[in-house]
Every structure is written in structure tokens, then in C-alpha cells.
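Numbered according to the working numbering, the sequence shown spans residues 6 to 91.
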Amino acid sequence: MAILVKLDDLLHDRRMTLTELAERVDITLANLSILKTGKARAIRFSTLEAICQALACQPGDLLEFRHDSGTGERPSAALDEIGDLK
Numbered sequence: 006m007a008i009l010v011k012l013d014d015l016l017h018d019r020r021m022t023l024t025e026l027a028e029r030v031d032i033t034l035a036n037l038s039i040l041k042t043g044k045a046r047a048i049r050f051s052t053l054e055a056i057c058q059a060l061a062c063q064p065g066d067l068l069e070f071r072h073d074s075g076t077g078e079r080p081s082a083a084l085d086e087i088g089d090l091k
């Protein structure tokens, strides 16, 4: 399973550079670059909110979930594991 960050597409559509976005949301260029390349392991809601406000988009416009069918894992397998923890 993978979460894809579509920041590149949104920036292109809005004719905005990563540097300009970094200035608007007060996040370092290095951290935005990590997010843009998909290397980020997490994102704070406050960061997500700031990016969405600057790009006039919804979180779903920025993030996309894709199930990796190569693992053989069912899409609901993670939910089954969570249910087992109860």
C-alpha cells in the first residue's frame, strides 16, 4: 500500500514553484522537497492544512492512496489486524 503525494501536479497546475510554496506556508524547502518526492513518513495536519490553503485544494487533491496488488495483501487486511487488537 502506498500514499502518493501529488504536490508536483498541483504546483504545475497553479504555476507555483516549490520555493514559493515554502515561503507561503513557512515550511523549509528541504521539508517540502521530502514531501514532494514521497520520502516523508508522516505529515502534520497543520502542515497539510497550510499547504491546502496555499494551493486552494482539498487533502484528497494532494494525497492519493494506492493499494499495491503485488503484496498479495487484501485491502482490508490492515483493518483485520486492528480488529484483532481489541
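Note that the Cβ used here is the ideal one computed from N, Cα and C, for glycine as well.
- Residue nearest to ALA27 within the set ILE8, LEU53, LEU9 is LEU53 (criterion: CA-CA distance).
- According to the DSSP assignment, ILE8 belongs to no alpha helix (DSSP H) but to the beta strand (DSSP E) extending over 7-10.
- Bounds of the alpha helix (DSSP H) holding ARG29 are 23-30.
- A contact is defined here as three or more CB-CB pairs under 8 Å, and the segment 63-73 fails this definition with respect to the segment 25-39.
- In this structure ILE56 is buried. Its beta-carbon is surrounded by 16 or more other beta-carbon atoms within 10 angstroms.
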